[in-house]
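Chains as they are written, first to last, in the working numbering: chain B, 1 to 657; chain C, 658 to 1314. C-beta atoms are modelled at their ideal positions from N, C-alpha and C, and glycine is treated no differently.
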Ligand code: FES
Ligand code: FES
C-alpha cells in the first residue's frame, strides 16, 4: 500500500506540468464486422441499440421487439445460451453457429459480432489493432484550445445597412481581434446565401483568423475533429469532440497499401518501379481514410460537412505518400525526404472527403526515419515538458523506435527489431486482431490466455508472445539461452504435456485443435523464441547505447512509456523478464496506447502543441546505431534472457499489478 | 517657355515622392486582326518580321524573300503604293482591297492589318481600347520589388549528405532569412525530380517566403508577370518584365460577358434570373483572360509555366464574378458585396491557365460601387503619397467615378454619367476601336480627325465627341445652351455645308459617305449633344459637390488625372471647354492611360503597393450624391456649356499643348 501511495505522489509530481492522465473507464467495446466498427457502448446495451446510430443496417419488421426474427447477427465471441425468443425464431444450426438476434443480445463484455452470415477471412483482416485498449492522454476541459473554434453570432441589422461586405459584417460581429479575418474562396462562394438563410444569426467556424464556414446557430455546439494514425499495416481514425476532448468513435482498417508490399521498403520499391506507383498508393490510403471517416461520422450521427479539421501522423514515408510527395529519396543516399516541416493543406486537395474548407495538418518529421508517429509519441509522453526527469520511450512495431532524455536533451535511435514483435515471422504469429492471444498468465498450474474479441485463439500476436515467453522463462521451460527444454521433474508439471518434441527440437503447444478457433493447433516453436531473442536483443542494445551516450544508469530512468502495436498491450513485467527493458521498477512502466493518434489528438485539441511538435523535430538528436561498435557488442550480449529466480506463481500477481 | 519650365519644376516637386512618370516613346503600334494583337515594333520594321515572335502564322514558301507571294495580309490603315514585287505577285483586285505581302510591308505609322482575307465585323469587335496610347507610370529599376522574385542557387553538396529534406536544402541555400520557407503541395510534388534534374544548381521562384518552383538556372532572368484590367466591356491584359518594369506586350478583347448584358446592371439581372448564371459569366471571363494570356505569352516567346503571378483589377462586380462570388448583393439593399478585402488565391483555383503554383492577386475594393479599378486609378495618381496637394481624378467610363483630395483626406463619388462618354446612345457613337474618331481639331478653317488605326472613320467615340463639341462651341456652331445653330455669317464658314437641317433640327455632318469607311455618313445630332450635356453636367456637379465638401475652390486643385475609356484620349482643353472639368490651368491635366491596369502593375512591380491599396480602401470616404440637394442644383446649373470667347484658331494649339 505504501508503495502505491508513493507511486501516486510521484506520478502526480511528474504530471504536474502536464495535462493529467486519465484512462477512460466504463462501458465495453463492440466490434462490428465486416465494417470493423468499434463502438464504445454501455454495459448491458443491446447490439440493436448500439447499431441504431451507425450506418450498419439490420433487417427488421418488428422494430426491435424480438418478434420478427430478422435482425440476425453472428456473435464471434463467447456467448451465453439463447433467449426464449431466439429459440423460437432461430433454428438449431443457426444457434450453434452463434447466430443471434441483435435486439435480444445484450453486451456485458467486449464482443465481436458479424452482420454478414458468410464470414470471409478477408473481412477479418479489417481488424482494429489498437483501440480495444484505450488509454489516451486526457486534457482537462479548461485547457482545451482546439484547432477549430466556433462562435455563435447575431450580426446586428444596423451593421448591414451601409453596404458592408458579408465578410466585414462577420468581422464586426467577432470583434476587433478579428480585423484581419480571411476566408478561403469556397467559403466566400456560399457565404451570401448562408447569411441570407440564417438571417444573419449563425455560427462562425474559425481556424485561427480564417473563416471556414457560416452555419446555423444550432451547429455551434457540434464541434468535432479527426485524427488519423497512418500505420504501415493499419490505419486508425478517431473522432474527437471539442466540447470535452473526449474520443467519440474509433475505426481502423488494414492499410490497403499492404497489397503493394507489407512494409515501407517494399512500398518504396513499388513506387520506384512503377511510374504511377506513388499515385496508386496515395489513392489507396486516401480511400481507406475516407472509409474510416465515413464509419466514424455515421457512428456519431455526423456528416462530412461537419468536419473542418483532421490531423494525420505516420512515419515519414506514409506521410509523404498521403501528400503525394515522392518518398523515394528517403531510401537512397543522400536519404532526403522532400519535406520535414509540418504541413497544413486543404483536406480536399489531398482527396479527403470532409467539409470543402476543411484543413489537414500533417505532422512534422525529423528525417526520413524519424517520422510524425515518433514525434507524436514524444508529445504524448510529455517528455518535452520535463526538465528534470529522464524518460524512456519505446515504439515497438516492425522497427523499434527508441527515445531517451528530457526537455534538456533528447536522443533517439532506430533498431531493426524485426517483425517478430508484430507477430510476423512467428509460426502462428498474427497481428493483434480478433482471435489473437494478446496476453498470457500462469495461475494455479494452468496457462490462461486473453484473446482479442473473447473468441477462441487463432494465433498469437506480439504482446502474447512476449508474455508467453516470460511465463515459460519463469516456469523454467525456456532457459536463459532461449532453449525450450524437455519436461523436467518438479518444473511446471501441469504444462509437460504441452512440450512437444518435433525432430529433436522442442516446441510448446499453446492451443490444441480442440482449444483453437479453427481446430488447428497453435504452437510456439524454438525458432519463434530465436526470432524474439533477436528482436529484444536489438532493442535492449539500443536502449543501453542511448543510456551510455546520455551518461545514465537504469536507476536514473524516471518513466518508461510503451507504444506501438506491441507496446500497447504487453505486460510491463514480461518486457522486463525477457530483458527487452532494463530492470526498472515495474511501476514506472506505462503503455500510452496508440501514441501516434494520441499525439495527433493533442495537437487537435490544444493547438500550441503544433508548435511544440515543430520545435521537437529540431530539438531531438538522432543516434545512428548501424555503424557503432558498442551497439553491436550490446546486441550480442542482450540476446540471452536475463537471470531471474522469480517463482511462477508470482507472475500472475505481477502481471495484474 | 518660362511657363513650361515652371511646370516641369512643379511636376518634379509633385513626383518627388513618387516613382517618376515616363511616357514610352519610340516605335509604332501594329494591330493584328482578327487576333487583336497589339505589337509595339520599331519604326520601319516589316509586318513579316513583327509577326515572327508571335503565334500568328503566315503562309510562306520563300521565307520572307518576297518571291512566293503567299504571305498575304490585308492592310486596313492608309497605305502607300505597292512594291514592284507586290505588283507582280498580287492581282489588281487584291491591291485595291489593300492586300499586301507581309514581308514587303514596312510599318512607319500605327497600322491595323488583318491576317484573314474575310474581314468579319465580329472580329472587329475584338479591338484594343486602350493601348494604342500608352502612358504608364514608370518605375525606376532600383525601386522594383516585384511580387515574385527569383534566386539562382547552387546547393552545396555537403548540405545534401545528411538526410536533409529537399525543402530544407533550399532554405539553407537561400540563407537564414528564409528559415520559415514554405511551399505549396504542387511545388513539393515535383521538387525531388527537379532537384535531381538540375543537379541542385537551379533557380528558386519565390513569393514572399513561399517557394513556388525550382527551375533550371537559365530561367533565373526570365521574370514576368501579368496584369488584367477587368473592364465591363473590354478586357485588357498586359505582360510586364520584372527586369526593368517594362510593358512587354498588351492584348485586349471584348468582354464575352457582353453577350449576357452590356452593362453591370443587366449582368446582375442575368445572374439573379439564371441558376447557373454566375458560373456561366465566370467561365466567359476566365476563357477571355486565358486567351489574352496565350496571346501575350506567345508574342513574347513565353509559356504558361513561365508566369507565376497575375494582378487583376476591375469594378466590384467584375472582380466578384471572376472569383465566382455572387455579386447580387451589390444590387439590392443592403448593397453588400461578399468581400471588400483584396484576395490572393491560387490562379488555377480560379481557372486561369498559368504555372500550377501561380498566384492571382485581386484588388481590394471600397464597396459595391467603388471597385478595384478606381483604387488602381488612385494608386496610379499617387494621391496617397501626397500630403499637401489636392488631386482630382476622373474615371470617365459608363459611370463617372470621381475622387478629390490628398493623403490627408480623400473623397469619392460616383455619377451616373450615362453611356454617352463611351460612345453609346450617340447616333454614330462607338467604343474606342479601329475606325473611331478619337480626336478632332480645327485648323485653317478645316476639321481634322484622328481615327484609331489610321483608317477612314466609321463613327465617333467618347473622346472624339468631347473634342468635336468643344470645337463646335469654339466655332460658334453650338451655342451655350447646346443648340446646333443654323449657319451664321462670319462663323466658321468652311463648315456651313456640314450643318444639315433635318425636320427642323440641325445635325452636324462629321463625315460624308465619301469620307467614311463604309460609305455611310457620320453625323453628330442635336440629340447627341443633349446626351453629352447630361453626362458632363453630372460629372461637373459631382466635382463641385466634392470641392464644397472638402472646402476648396478650383484654384486649389493641384493636379487633374483622367482615366477610363474616355479619359485616356480626350484632349484636356476640350474637357474644360465643354465644362466637364472646372476651369483649371490646362497644364495640370494629364491622362493616366489605362489606370486600372497601371495601378495593378504598380502592385505587381512594387509589392508594398498591395498594402497601400488595402489602406486606401479603408481611408477613402464615399459621398453618396443621389440624395443631395446641392448635387441636384449643380447638375441643373452645369448642363449648359460655359461661356468662353476663345477663337477657333487657337484650339489646335491648345490641343497639342
Ligand atoms: S428486430 Fe425483429 S427480432 Fe430483432
Ligand atoms: S513570304 Fe514569300 S512573299 Fe512574303
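The closest CA to that of residue 1023 of chain C, considering only C:910, C:1153 and C:1273, is found on C:1273. Here DSSP, grouped into helix, strand and coil, assigns residue 393 of chain B to strand. For residue 855 of chain C, no beta strand (DSSP E) encloses it, and the DSSP letter there is neither H nor E. In chain order, 842 make up the part of chain C whose C-beta sits under 7 Å from the C-beta of residue 349 of chain B.
Secondary structure of residue 90 of chain B (DSSP, three-state): coil. Taking 8 Å as the cut-off, the Cβ atoms of residue 1070 of chain C and residue 810 of chain C do not count as close.
With a cut-off of 8 Å on Cβ pairs, the stretch 1252-1267 of chain C is not in contact with the stretch 1096-1114 of chain C, counting fewer than three such pairs. Among the residues of chain B, those whose CB is under 8 Å from the CB of residue 823 of chain C are 329, 336, 337, 338 and 339, following chain order. Rounded to whole angstroms, residue 1237 of chain C and residue 742 of chain C show a C-alpha spacing of 52 Å. Sequence-distant Cβ neighbours of residue 823 of chain C in its own chain, meaning closer than 7 Å and more than five residues away, are 848, 849 and 852. Beta-bridge partners assigned by DSSP to residue 971 of chain C: C:887.
A contact is defined here as three or more CB-CB pairs under 8 Å, and the stretch 356-374 of chain B fails this definition with respect to the stretch 540-549 of chain B.
Pairing residue 946 of chain C with residue 1120 of chain C, the inter-Cα distance amounts to about 27 Å.
Below the 8 Å Cβ cutoff, chain C contributes 842 as neighbours of residue 345 of chain B, in chain order. Per DSSP, residue 836 of chain C is not a residue of any alpha helix (DSSP H), being assigned neither H nor E.
Taking 8 Å as the CB threshold, residue 932 of chain C stays off the interface with chain B.
Annotated as proximal: residue 1167 of chain C and residue 1181 of chain C, with beta-carbon spacing under 8 Å. Residue 339 of chain B places its beta carbon less than 8 Å from that of residue 845 of chain C. In this structure, ligand 1 has a non-hydrogen atom nearer than 7 Å to the beta-carbon of residue 61 of chain B.
Taking every protein chain shown into account, the CB of residue 960 of chain C has fewer than 16 other CB atoms within 10 angstroms, so this residue is exposed. In the DSSP annotation of this structure, the continuous segment of the beta strand (DSSP E) that includes residue 1017 of chain C starts and ends at 1016-1019.
For residue 721 of chain C, no CB of chain B lies under 8 Å from its own CB, so it is not counted at the interface with that chain. Comparing C-alpha distances from residue 708 of chain C to each of C:1092, C:970, C:1038 and C:953 shows the shortest one belongs to C:953. Going by DSSP, residue 436 of chain B is part of the beta strand (DSSP E) stretching over 436-443. Residues of the stretch 849-869 of chain C with a Cβ closer than 8 Å to any Cβ of chain B, in chain order: 849 and 850. Pairing residue 705 of chain C with residue 908 of chain C, the inter-Cα distance amounts to about 19 Å.
Cβ neighbours of residue 1084 of chain C within its own chain (closer than 6 Å, five residues either side excluded): 1180, 1182 and 1185. Shown here, residue 1106 of chain C sits in a strand according to DSSP, grouped into three states.
In this structure residue 1056 of chain C is buried. Its beta-carbon is surrounded by 16 or more other beta-carbon atoms within 10 angstroms. Residues of the stretch 1019-1033 of chain C with a C-beta less than 7 Å from any C-beta of chain B: 1024 and 1025, listed in chain order. Against chain B, a Cβ distance below 9 Å from residue 1110 of chain C picks out nothing, because the smallest value is about 40 Å. For residue 271 of chain B, the uninterrupted alpha helix (DSSP H) run begins and ends at 264-273, by DSSP. The Cβ atoms of residue 76 of chain B and residue 44 of chain B lie no closer than 8 Å to each other.
Residue 731 of chain C has its CB no nearer than 7 Å to any heavy atom of ligand 2. Counting only runs of 4 or more residues that sit fully inside the stretch 525-604 of chain B, the alpha helix (DSSP H) segments are 526-550, 564-567 and 572-577, in chain order. Residue 750 of chain C is classed as exposed because its beta carbon has fewer than 16 other beta carbons within 10 Å across all chains shown.
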